[in-house]
Each structure stands twice: as structure tokens, then as C-alpha cells.
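Asker: Heads up, the sequence shown is in the working numbering, so the first residue is 1 and it goes up one at a time. Just so you know, even glycine gets a beta-carbon here, dropped at the ideal spot from N, CA and C. Okay, handing you the structure first.
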Amino acid sequence: MSLLPAPGKTRIITGIALIGFATLFVVGPLQQATPIECLFAVALLLTSVVLVAFATRRLAFALALPSVIFGGLLVASVLKFHYLTTPLLAPDLVYFLNRDLIEVATRYPSIMLALIGGALLIPGLLIVVWWLDRPYLFATMRTGPRRCLQLTGALAAAALLLVLDSPAGPFGDVFEKGMWQAMNDRSYLVNFFTSFYQTEIRIPPAAADADLKLSWTQSAADNPPSCVVHDCAAGKTPKIAQEHPDIVAVLEESTFDPAILKMCNLPVCKRRMFEADGRTRAHGPLVVHTWGGGTWTSEFALLSGMAHTSFGDAGLYAPYNLAPRISHSLPKVLHASGYRIIAIYPMSGNFINARNAYKFYGFDAFYDGQDFGLSWESTDNDLIQVFNQVYDKEKKTIGKQPLFVMMLTLRQHGPHMTPLKKLPAPFDKPLFPGAFTPKDLDEWLNLNLGNYLYRLSDSDAAIAQLEKKLLDGDRPALLFHFGDHQPSFDGAIREIPKLVPASVVDPNFVTYYMLKTNYRPARSYEYPALDLSFAASLILDIAAVKKDAFFQASALLRERCNGAYVDCNDKPLVDSYDNYIFQRVGALHE
1 MSLLPAPGKT RIITGIALIG FATLFVVGPL QQATPIECLF AVALLLTSVV
51 LVAFATRRLA FALALPSVIF GGLLVASVLK FHYLTTPLLA PDLVYFLNRD
101 LIEVATRYPS IMLALIGGAL LIPGLLIVVW WLDRPYLFAT MRTGPRRCLQ
151 LTGALAAAAL LLVLDSPAGP FGDVFEKGMW QAMNDRSYLV NFFTSFYQTE
201 IRIPPAAADA DLKLSWTQSA ADNPPSCVVH DCAAGKTPKI AQEHPDIVAV
251 LEESTFDPAI LKMCNLPVCK RRMFEADGRT RAHGPLVVHT WGGGTWTSEF
301 ALLSGMAHTS FGDAGLYAPY NLAPRISHSL PKVLHASGYR IIAIYPMSGN
351 FINARNAYKF YGFDAFYDGQ DFGLSWESTD NDLIQVFNQV YDKEKKTIGK
401 QPLFVMMLTL RQHGPHMTPL KKLPAPFDKP LFPGAFTPKD LDEWLNLNLG
451 NYLYRLSDSD AAIAQLEKKL LDGDRPALLF HFGDHQPSFD GAIREIPKLV
501 PASVVDPNFV TYYMLKTNYR PARSYEYPAL DLSFAASLIL DIAAVKKDAF
551 FQASALLRER CNGAYVDCND KPLVDSYDNY IFQRVGALHE
């Protein structure tokens, strides 16, 4: 490059920019998981510097701008991984960079500080660098040739960037790793830049090793089970006859049965909402497909009967890109049997595209939490009061028409950091002192567990109220409640040993489910652990609702693999099922 000596101030700012660039170089590109990924990140960073240098002729700015962009991506990905255990991906900038992010960030001081700091410091820093720097690169050249060189250099650098960040480019191997590896190897920069290509929806292709002998169509006797609610009623028969029961599904935010924690053997670890009784038709450990966050993927699994992980990284954005394409859903099947389908949502319907997604799932009405004054601080009891209003109003209007209600709670959402001294006894002091090492971890987990178990006592009381209203009521009713994922405790919950069935691959992906009715169905169901994808077909069976082709297959796989799907170790069986639902039934359409 042809250049003149930099003026004094420019030399100083260039030196500072160089120090910042070197720091980022060490903590960013050089910290990727493999040597080829390090080289990939280095190539992207250096090419970006060259591009900005040709475009602006400012060396300090050329060092600063890529450093700020790469550094910002790095910080954002570390924070996202810390709280949600998923790295920052390119679609996050489209789907989640909105006012909903601000609402979530208010719950996490570190995230809010990062957002505020980034919004103020980054533009200010770049403005200062631009002002102090001078366009002295190529200053000895005449204007015409210089501009020609700048344009040629900038275009060449931009083209090189596109080639580098392409599966067909020289670093094609870094685009080949699977979703699970990308979610866990902490190659933050590589994962972001490769995600431009990895987040396309991928319908599972036909598998060659599928068991071709299997039929995925049920007999008439099994679809629905040979029973209707007024014939199968046991004990107190519902006074108001309906062809099908009212169905209420409650997604309990960040909730799991604390009895799975090896050290949690205190009375506060045992709650009635997890215990079977004479009205229980199915219950136990639930295998979910997300951890520490991503509630919308559990909504998708329940309502669609599919795991978002089946579609690659794109599945993380199910309310945006999968919901419009599902051909079969629990609400759609219930519609065919005469149900009215409503949702009670504790937040704004704009959050994660919820209102639109629920419409695609097949809901008739969507009750926005803001219409009822609900907020992040709303307890489960607050939700039950709203449910009572909505349910009574709906039943008064529709009479004997069966009703399906999907309701989400919110209070158990993290963080779980209220000082223990502000909680009532016995939660006002560490419940498990000395149970964890080192000391900092012990204090942190006792703080989070104390908050979790305190809020769980409220959830337990709210579920008891809901049971009384529905199961002691005059109408046949089915109540299904479940945990969408384990809370994160900022990642520390992974350090607690857990007791889960041997069939479960990862104990961090286990919550609970409970299904009760006030009538006796054709049979009860029991599994070592149930995959959330099967909850819809289970509800349909116990409600004696006729299933379509998709949910017939779901029910058959549920029985054949004893409740397992993502953890099922019979690969030809699962491949046969996947071939059927994706290739023949068309579970996802264009």
C-alpha cells in the first residue's frame, strides 16, 4: 500500500485500534474449537479489515470496525449461550432483535447492561475513531487511479468474503458439523457465520434402513379407543353429557419435578402436582427438546407432534418458519371432532410471533395476557383467575360444544435470584447448605433452588385449584400439565446429579407431565419416560377423539418405542416412522 506517515493523533488512535484488534484476535478467532475453524475466523476477520481499509482509506477505522462487529457478536453469543445454551445464529438478528428482546432483557441485568452498553458505546467509539483517524492510505496517488484502486480492492475483498463464508469455498469443512456439535462446541464466531447456510429448514430425507414391514395405520378399535366418556365414567358421572371432554393443557414454565435431583429429599421437594391419584391416567418423566429456554419449541412439540430438532437449526425458529407449514396439529384434529380451540397467553401476542403461530396451529381465539394485566411477575394463581374468567365465558357461549384450552404460565421463568431473606420460611435460608462445591457454587445453587422451590409451591396450589374446577365440575374434563424445559440457573443446574430413567439419553432434557380425567377412559398409559412429541396423540387417545393419519402413526410409534422418540434406540423403527410422516403423510408442506 502507498501511504504517507500518519499524523500524531492518527498514530495514537491507530495504535489503540491495533491493541483492540490484537485482543479480539486472541480471544475470538484463535479460541474456536478446531484449527481449521480458527483459520476460517482469522480469514474472515482479516478480509474484513482489508475491505474497510480500501473503502475508507482509514487504517485505524479499518481495524476498529471489524473488531467491534466481531467482538459484539462474540459477547452476544457468550451471553446467549450462558442463559439459553444455544449460540447466537444469524436468524436471531431477524427474529429476536425487536422490542420483545428488551422485555426479556429487563429480567437479566447482565443482558440489559450489555444492550445499553452496546447501544451507547459502540456507535460512540466508532465515531471517535473516524473523527481522529485520517484517510491517509494511498494519499500519494492521484485521485483517479486511487479511486479505481479503492473500488477494485473493496470489490475483491467483498467477493473474497462471500467465497470464504460459503459451503462451496475453501473452508467447506467447517459447514459440515451437525446441529448438536454447533450447539455445544462454543465456536461462537464460526457458528454465527456458518449459520447463514445452516438454518434452512431441512425435512428429514427418506432413510434407506427403515423397517419396510411396518404399518402406520391403526385399526378402528384403536382409533379412537373403544369408549366414549359417558360410557367409561367411573364414580361420579359428569352431569352434563358431551361427546368429548373439555381439554385443558397447561405449559408450566421452567418446571420439573425436583425429586429427580439426588439431593432433593426435603418435604418441599415433594408436591402434589407431581403425584398420581385415582384420576391419573398417565404421568411421569417427560423428555423435551430444549434446555434452559426456548419455550416456543416445546409449544411446537405439543401442538404439532414433532420435535423441532428434526429440521436442523431452523427448528429453533418454529413459530416463524415451521408453524406456517405444518399440515397436521392437535388443534386441527380436535376441530374435526367439533372442538373450539383457544389460547391464554401470559405475554403479548407479538412475543416470538405467538399470535400468528397459534393461528397457523389452528386456534380459534387468542387471549393476550396484556388484556388481563398479566406480566412477568404474574403468578400461576393469577393465570388461574384469568382461566376461570375465560373458561366460564366460553362455556356459557358454546354450551355442550367441547373446548380445548392451551395456557402458559410464566412466574417460574428465570432468573431465580431474589435474596433468600426476602422469601418466606422455610425458603428464607439455604435449604441444602454444603451440598455443592466449591463454595460459590453452593451459594449460587442454594439461592436458585430456594427461589425455584418457593415458586413451585405457588404452582402446586394453582394446579390444585384448576383440578378442583375441572375435575370436580359437571362436565367431562381432561387436564394435562407439563414442564417445558428445566430452568438454567445460569447453567449451574447441570452440576446437580439427577435420577432419571435409563432410557433417557440426557438428564438435562427431562421435566414432567401429568394427565388426569374425571372419567375413566378405555385404558391408562405408563412409560419409563414420554417424549413431548407424543403428548398430543396421548391426549387424543384418552379423550377418545378420532385421530388423523399423522397422529395414528404417532400413537403407534409411542407404543412401539415405549414412549421414546428422540431417545428411541431402534433406528430402523424411527426411520420407518419418519419416512411415513414426512414422505407419505406430508407432515410439513411447502
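1) Are the beta-carbon atoms of L420 and A492 separated by less than 7 Å?
2) Which residues mark the beginning and the end of the beta strand (DSSP E) in which D246 is found?
3) Would you please state the rounded distance, in angstroms, between the beta carbons of Q552 and N223? I believe it to be under 8 Å.
4) Let's test the definition: count the other Cβ atoms within 10 Å of the Cβ of S375 and tell me whether it reaches 16, buried, or not, exposed.
5) Around the C-beta of N579, are 16 or more other C-beta atoms found within 10 angstroms, so that it is buried, or is it exposed?
6) In chain order, which continuous runs of the alpha helix (DSSP H) of length 4 or greater are located wholly inside the segment 413-494?
7) Helix, strand or coil for T194 per DSSP?
8) Judging by CA-CA distance, which residue of F432, V288, F372 and H485 is the nearest neighbour of L449?
9) In angstroms with no decimal places, state the Cα-to-Cα distance between W180 and L588.
10) How far does the beta strand (DSSP E) with P285 in it reach, from first residue to last?
11) Taking N562 as the reference, give the member of L470, L423, P415 and L530 with the closest Cα.
12) Can you tell me the Cα-Cα spacing of V49 and I13, whole angstroms?
13) Check F592 in the structure and name its three-state DSSP category.
14) Do the segment 393-404 and the segment 319-339 make contact, defined as three or more Cβ pairs closer than 8 Å?
15) What are the start and end residues of the beta strand (DSSP E) that includes F404?
16) Are the Cβ atoms of Y592 and S533 separated by less than 7 Å?
17) Among all the DSSP beta bridges, which residues are the ones paired with M514?
18) Answer yes or no: do F427 and Y452 have a C-beta to C-beta separation smaller than 7 Å?
19) Cβ of L88 within 7 Å of Cβ of F192?
20) What is the C-beta distance between H244 and A435, in whole angstroms, given that I count them as a contact (C-beta under 8 Å)?
21) Since D222 sits in a beta bridge, which residues does DSSP pair it with?
22) Please report the distance separating the alpha-carbon of D440 from that of P424.
23) Pop quiz: D575 and D209 are said to be a contact at Cβ under 8 Å. What is the actual Cβ separation, rounded to whole angstroms?
24) Helix, strand or coil for A234? Go by DSSP, reduced to three states.
25) Grab the span of the beta strand (DSSP E) containing D165 for me, first residue to last.
26) Measuring alpha carbon to alpha carbon, tell me which of L303, T297 and A64 ends up nearest F311.
27) Who does I344 pair with in a DSSP beta bridge?
28) State the start and end residues of the unbroken alpha helix (DSSP H) segment that holds I122.
29) How long is the line joining the alpha carbons of F175 and L316, rounded to whole angstroms?
30) Would you mind working out which of S488, I542 and L499 sits nearest A477, comparing C-alpha positions?
31) Please name the residue, chosen from A307, N350, Y320 and V390, that lies closest to L344 on a Cα-to-Cα basis.
32) If you run the structure through DSSP and keep just helix, strand and coil, what is K591?
33) Rounded C-beta distance between F366 and Y358? I'm assuming under 8 Å.
34) In angstroms, rounded to a whole number, what distance separates the CA positions of T10 and N353?
35) Here's the rule I'm using: 16 or more other beta-carbon atoms within 10 Å means buried, otherwise exposed. How should E526 be labelled?
36) By DSSP, does L89 sit in helix, in strand, or in coil?
Answerer: Well, looking at it:
1) Reading the sequence shown from its first residue, position 420 is the one you call residue 420. Reading the sequence shown from its first residue, position 492 is the one you call residue 492. No; because the gap between Cβ atoms is not below 7 Å, this pair is not in contact.
2) Within the sequence shown, the letter at position 246 stands for residue 246. Where D246 is concerned, the enclosing beta strand (DSSP E) stretches over D246 to E252.
3) Residue 552 sits at position 552 when you count from the first residue of the sequence shown. Residue 223 sits at position 223 when you count from the first residue of the sequence shown. By a beta-carbon distance limit of 8 Å, Q552 contacts N223. Their separation comes to about 6 Å.
4) Stepping through the sequence shown from its first residue, residue 375 is reached at position 375. Of the residues assessed, S375 falls on the exposed side of the cut-off, its CB having fewer than 16 other CB atoms within 10 angstroms.
5) Within the sequence shown, numbered from 1, the residue matching residue 579 stands at position 579. That one is buried.
6) Uninterrupted alpha helix (DSSP H) stretches at least 4 residues long and entirely within the segment 413-494 occur at 439-471, given in chain order.
7) Translated into the one-based positions of the sequence shown, residue 194 becomes position 194. Looking at T194 - three-state DSSP - the assignment turns out to be helix.
8) The residue you call residue 449 lines up with position 449 of the sequence shown. It is F432 whose Cα lies nearest to the Cα of L449.
9) The sequence position of residue 180 within the sequence shown is 180, counting from 1. The sequence position of residue 588 within the sequence shown is 588, counting from 1. Residue confidence is low: W180 scores 49 on pLDDT, short of 50, so the model does not pin down where it sits. No coordinate-derived value is stated.
10) Position 285 of the sequence shown, counted from the start, is the residue given in the question as residue 285. Its beta strand (DSSP E) spans residues T280 to V287.
11) By 1-based counting over the sequence shown, the position of residue 562 is 562. Nearest C-alpha to N562: L530.
12) On the sequence shown, residue 49 is found 49 positions in, with the first residue counted as 1. On the sequence shown, residue 13 is found 13 positions in, with the first residue counted as 1. So the alpha carbons of these two residues sit roughly 16 Å apart.
13) What is shown of the chain runs 1 to 590, which leaves residue 592 out entirely.
14) Yes, they touch.
15) Taking the sequence shown and counting its residues from 1, the one referred to as residue 404 is at position 404. That run of the beta strand (DSSP E) goes L403 to L408.
16) Shown here, the chain extends from 1 to 590; a query on residue 592 therefore has no answer.
17) Working through the sequence shown from its first residue, we reach residue 514 at position 514. DSSP output for M514 lists H283 and H481 as bridge partner(s).
18) By 1-based counting over the sequence shown, the position of residue 427 is 427. By 1-based counting over the sequence shown, the position of residue 452 is 452. Using a Cβ distance threshold of 7 Å, F427 and Y452 do not count as a contacting pair.
19) For this step, residue 88 is matched to residue 88 along the sequence shown. For this step, residue 192 is matched to residue 192 along the sequence shown. Result yes, Cβ atoms of L88 and F192 sit closer than 7 Å.
20) Translated into the one-based positions of the sequence shown, residue 244 becomes position 244. Translated into the one-based positions of the sequence shown, residue 435 becomes position 435. H244 to A435, Cβ: 47 Å. No contact.
21) Taking the first residue of the sequence shown as position 1, residue 222 is located at position 222. In the DSSP output, where bridge partners are listed per residue, D222 has P225.
22) The residue given as residue 440 occupies position 440 in the sequence shown. The residue given as residue 424 occupies position 424 in the sequence shown. Whole-angstrom Cα-Cα distance: 23 Å.
23) Counting from one through the sequence shown, the residue named residue 575 turns up at place 575. Counting from one through the sequence shown, the residue named residue 209 turns up at place 209. About 6 Å separates the two Cβ atoms, so the contact holds.
24) For this step, residue 234 is matched to residue 234 along the sequence shown. Legend: pLDDT at A234 = 48, less than 50; position of this residue unreliable, value from coordinates given subsequently. Reduced to three states, the DSSP call for A234 is coil.
25) Reading the sequence shown from its first residue, position 165 is the one you call residue 165. Element bounds for D165: n/a, residue is neither H nor E.
26) As a position in the sequence shown, residue 311 is number 311, starting the count at 1. Per the Cα distances, T297.
27) Residue 344 sits at position 344 when you count from the first residue of the sequence shown. Under DSSP, I344 shares a beta bridge with Y367 and M407.
28) Counting from 1 along the sequence shown, the entry for residue 122 is found at position 122. Unbroken alpha helix (DSSP H) run through I122: P109 to L132.
29) On the sequence shown, residue 175 is found 175 positions in, with the first residue counted as 1. On the sequence shown, residue 316 is found 316 positions in, with the first residue counted as 1. Spanning the two alpha carbons is a distance of roughly 18 Å.
30) As a first step, residue 477 must be located in the sequence shown, where it is residue number 477. Of S488, I542 and L499, the residue nearest in Cα terms is I542.
31) The count along the sequence shown starts at 1 and reaches residue 344 at position 344. Here the sequence assigns Ile to residue 344, which means Leu is not the residue at that position. Measuring from the Cα of I344, the nearest candidate turns out to be V390.
32) Here the chain has residues from 1 to 590 only, and residue 591 is not among them.
33) Along the sequence shown, read from residue 1 onward, the residue named residue 366 stands at position 366. Along the sequence shown, read from residue 1 onward, the residue named residue 358 stands at position 358. The pair is a contact, with the Cβ atoms about 5 Å apart (cut-off 8 Å).
34) Walking along the sequence shown from the start, residue 10 turns up at place 10. Walking along the sequence shown from the start, residue 353 turns up at place 353. T10 and N353: Cα-Cα distance of roughly 47 Å.
35) Stepping through the sequence shown from its first residue, residue 526 is reached at position 526. With fewer than 16 other Cβ atoms within 10 Å, it is exposed.
36) Here residue 89 refers to the residue found at position 89 when the sequence shown is read from its first residue. If DSSP states are grouped into helix, strand and coil, L89 belongs with coil.
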